[in-house]
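Colleague: Here the sequence shown is numbered in our numbering, starting from 26 and rising by one per residue. Idealized CB from N, CA, C, for every residue including glycine. None of the values given here were measured: they were computed from a predicted structure. Below is one structure. I have some questions about it.
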Amino acid sequence: MRWALIGASTIAAQYMIRALRAEGGEIVRVVSASAERGAAFAATHAIPLSGASVEEAVADPDVDAVYISTTNEKHLPQALAAIAAGKYVLCEKPLAMSIADAGSMVRAAEKRGVVFATNHHLRCSGSHRAVQSLIRDGRIGRVLSLRLHHAVHLPENLQGWRINSPAAGGGVIPDITVHDADVVRFLTGEDPKTVVARMAASGLGQGVEDSVMSAWTMPSGAMVMSHESFTHPFAGTGLEVHGTEGSIFARGVMTQNPVGEIELVTAAGREPVAYDPHDLYGEAVRRFHAAVAGHGGPAATGWDGVKSLAVALAVREAALTGAAVDVDYGGAK
């Protein structure tokens, strides 16, 4: 499959170029708002063509699919342009700035008949799949609660708009809470129902939040506690799932790399849990290529991206208002 990168981004450079090529993809061009940056990026990563025009890129008959990793407010027009041109789309999260916009992207892809996927990498990790299997196999009984620890330090090279631009979709909620929403949905098979939250600017945020804590209720009655931050360099990440017959402790697994440890605790004792440490992004690309070939769906569909955004927006609304907020999925499937 021949790809165009829309966005000369850090994630493309550090993860996606390698993943696309490892899974048999050919990257034929890159688009950047800065022609100079795009040309330098193309030279560094051996990409034949670069330019500043999305329209030119999606009109190229040598492009089959696009990977969108620009700032959040640009996703909608760029995705719609690619879809209109009949290109398959893998889009970074959050899909858009609103549920209406995100839904319009997915519906446009359905109408055009092209695969549209959300790049939710965590559900592609061997560790998260192992946790999901433990839950599905009944190893901990009925799920009572989940705790997600995703407070990290945002590296200086990634700060920029993420800490100072509401217009570009900055803030820890659209950046990390949206991931955790997808993790909870993936592990439990349920859509969060109601949320309460508090957020703050604790050292980095300028006009946007850099830390948030929230509690969610699930249709089954299970409860979720979630903590995301850009300002916690030593906190570590992880998730816990507690049930009537046991608990799962997954430490260091809220990451872009195949690392971390999982432990199952039951009345029988403590048991380390092995998992396949494959490349998360490579798995996402593999599933995307298979979906285009007609073999199943992508790892995270467009509707998965709509729903994770809905939870994140509800968390922000709850933090702003101080009220419990019902998650509005906007008719998402």
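Quick one: measure Cβ to Cβ for K428 and P180, integer angstroms, because I've assumed they're closer than 8 Å.
Modeller: This structure leaves residue 428 out entirely; the chain is present only between 26 and 358.
Colleague: One question on the structure: do S8 and G63 come within less than 8 Å of each other, judged by their Cβ atoms?
Modeller: With the chain represented from 26 up to 358, any question about residue 8 goes unanswered, as that position is not in the structure.
Colleague: Would you mind working out which of A324, Y40, G268 sits nearest D162, comparing C-alpha positions?
Modeller: Considering only alpha carbons, the answer is G268.
Colleague: Evaluate contact between the stretch 318–331 and the stretch 111–126, counting only Cβ atoms and requiring at least three cross-stretch pairs below 8 Å.
Modeller: Yes: at least three Cβ pairs fall under 8 Å.
Colleague: Using only alpha-carbon positions, find the residue among E234, A68, P191, H204 that is nearest to A335.
Modeller: It is H204.
Colleague: Taking just the CA atoms, how far does L159 sit from S152?
Modeller: Taking the straight line from one Cα to the other gives about 11 Å.
Colleague: Pick helix, strand or coil for G246, following the three-state DSSP scheme.
Modeller: Correct three-state label for G246: coil.
Colleague: Quick check on the DSSP output: what are the complete beta strand (DSSP E) runs of length 3 or more inside the stretch 231–299, in order along the chain?
Modeller: With a minimum length of 3 residues, the continuous beta strand (DSSP E) runs that stay inside the stretch 231–299 are 236–242, 248–254, 262–268, 271–276, 286–291, 294–298.
Colleague: Going by the DSSP bridge assignment, what does H30 pair with across the sheet?
Modeller: According to the sequence as given, residue 30 is Leu; it is not His. Answer is V55, Y92.
Colleague: Whole angstroms are fine: how far does the CA of E308 sit from the CA of L212?
Modeller: Using only the alpha carbons, I get a separation of about 17 Å.
Colleague: Can you tell me which of the three DSSP states D351 falls into?
Modeller: Residue state, collapsed to three classes: strand.
Colleague: Assuming T346 is part of the alpha helix (DSSP H), what are its boundary residues?
Modeller: Its alpha helix (DSSP H) spans residues 327–346.
Colleague: Taking 6 Å as the limit between beta carbons, can you name the residues of its chain near V298, skipping five residues before and five after?
Modeller: Answer for V298: A155, I287, L289, listed in chain order.
Colleague: Quick one: complete alpha helix (DSSP H) runs, 4+ long, within the stretch 143–176?
Modeller: Fully enclosed alpha helix (DSSP H) runs of 4 or longer: 151–161.
Colleague: Using the rule of at least 16 other Cβ atoms within 10 Å of the residue's Cβ for burial, across every protein chain shown, is N97 buried or exposed?
Modeller: It is buried - the Cβ of N97 has at least 16 other Cβ atoms within 10 Å.
Colleague: Kindly indicate which three-state DSSP category M224 falls into: helix, strand or coil?
Modeller: Three-state DSSP puts M224 in a strand.
Colleague: Would you kindly work out how many angstroms separate the C-alpha atoms of A109 and L338, rounded to a whole number?
Modeller: Using only the alpha carbons, I get a separation of about 27 Å.
Colleague: Taking R148 as the reference, give the member of D89, R223, Q281, L183 with the closest Cα.
Modeller: Cα-wise, what sits closest to R148 is Q281.
Colleague: Count the other CB atoms within 10 Å of the CB of D301; is the residue buried (16 or more) or exposed (fewer)?
Modeller: It is exposed - the Cβ of D301 has fewer than 16 other Cβ atoms within 10 Å.
Colleague: Give the DSSP bridge partners of S75, in chain order.
Modeller: DSSP lists V55 as partners of S75.
Colleague: Using the DSSP secondary-structure output, state which residues sit across from V114 in a beta bridge.
Modeller: Answer is V91, F141.
Colleague: Helix, strand or coil: which one does DSSP assign to H204?
Modeller: H204 falls in the helix class under three-state DSSP.
Colleague: Would you list the residues sitting across from T219 in a DSSP beta bridge?
Modeller: BP columns for T219 point to T242, D351.
Colleague: Under the rule that 16 or more other beta-carbon atoms within 10 Å means buried, what is P199, buried or exposed?
Modeller: By the neighbour-count rule (16 or more Cβ atoms within 10 Å), P199 is buried.
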